[in-house]
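Below: the structure, in structure tokens.
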Amino acid sequence: MLPFSAEKIPASPDELAAALAGGFAARGVVVKSVRAEGAGLAALAELRIDVSGARCGRDFRVAPAAGEEEAVVVVRAERFALVGEPLEFESTPVRLRVEAAGAEFRGTGPAADGVLRLASAESGALELAVAHADLEALVHQLARGVAEKQGVEVRQTKLTLTAHGPRALSFRCTVTTKVFVMTAELSLCGELAVDEELNVRLSGLTLGGDALITKMAAGFARPYLDKLEGRVFPLLALGLGGLQVRDVEITTAAGLEVRAKFGRA
């Protein structure tokens, strides 16, 4: 789903490009470029949105309209692409690429706060990737934020990912900490699975490591882990408008990479 914002419902390729850029800007995301080329909205040769270099946080969401609404605009594009090479999510570089052929979008909502939903596609593919070093840096940042509130210094974080089949992986995060004058290690282990709606579920979260830090961490970290246990997170904030994905595959050779296909082909 793509946000759009303008004074009036877009009626031409140029107006659509401006409205899409405005929709992202209204949510604090500055796009690099939006290109809509073709004879009209129902006959675009290409719709391409480049969000490379854009910054967004965990609060970025594009919510669909409540209930069934009549489309205020219909867009058809022979080729569609949404690319971030990379974009920054919570200061972490993320490579994003969504491509589709024979795409149809249906726009709903008011002109100032509308949503363009991908209603159908002949074929499509999605790729989301985070390099291992960048993912490890993100985990280190999160661990440090939690630990410092308890007077614990986080010195080093090591993350290990192991794929189990096409849609699941296990992870082990080992954190080297300093408590008073002592150095101790704490490990967090768990499992992650991705479903066919591109939702991520965490499970099996356990703490281990040196007895002193494990006992201390259990007091302040366990409540956080209990909230995360079994919780579902959308992997793609923009979503695919309800289109079912298939051939979801997770790989961990160079970090975390998720690929999927969608569409009729």
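Numbers -17 to 247, taken from the working numbering, label the letters of the sequence shown in order. C-beta atoms are modelled at their ideal positions from N, C-alpha and C, and glycine is treated no differently. Quick caveat: nothing in here was measured; it's all calculated off a predicted structure.
- Here the segment 188 to 203 does not lie against the segment 104 to 118, with fewer than 3 beta-carbon pairs under 8 Å apart.
- Here residue -4 carries a helix assignment [DSSP, helix/strand/coil].
- The alpha carbon of residue 120 has as its nearest neighbour, out of 106, 82 and 238, the alpha carbon of 238.
- Residue pairing for residue -15: DSSP places it in a beta bridge opposite 97.
- Between residue 182 and residue 170, the CB-CB gap reaches or exceeds 8 Å.
- Going by beta carbons, residue 67 and residue 77 fall inside the 8 Å limit.
- For residue 81, the enclosing beta strand (DSSP E) has its first and last residue at 74 to 90.
- Partner residues in the beta bridge of residue 237, as assigned by DSSP, are 113.
- As far as DSSP is concerned, residue 245 takes part in no beta bridge.
- With fewer than 16 other beta carbons inside 10 angstroms of its own, residue 133 counts as exposed.
- Here residue 178 is not near residue 241, since their CB atoms are 8 Å or more apart.
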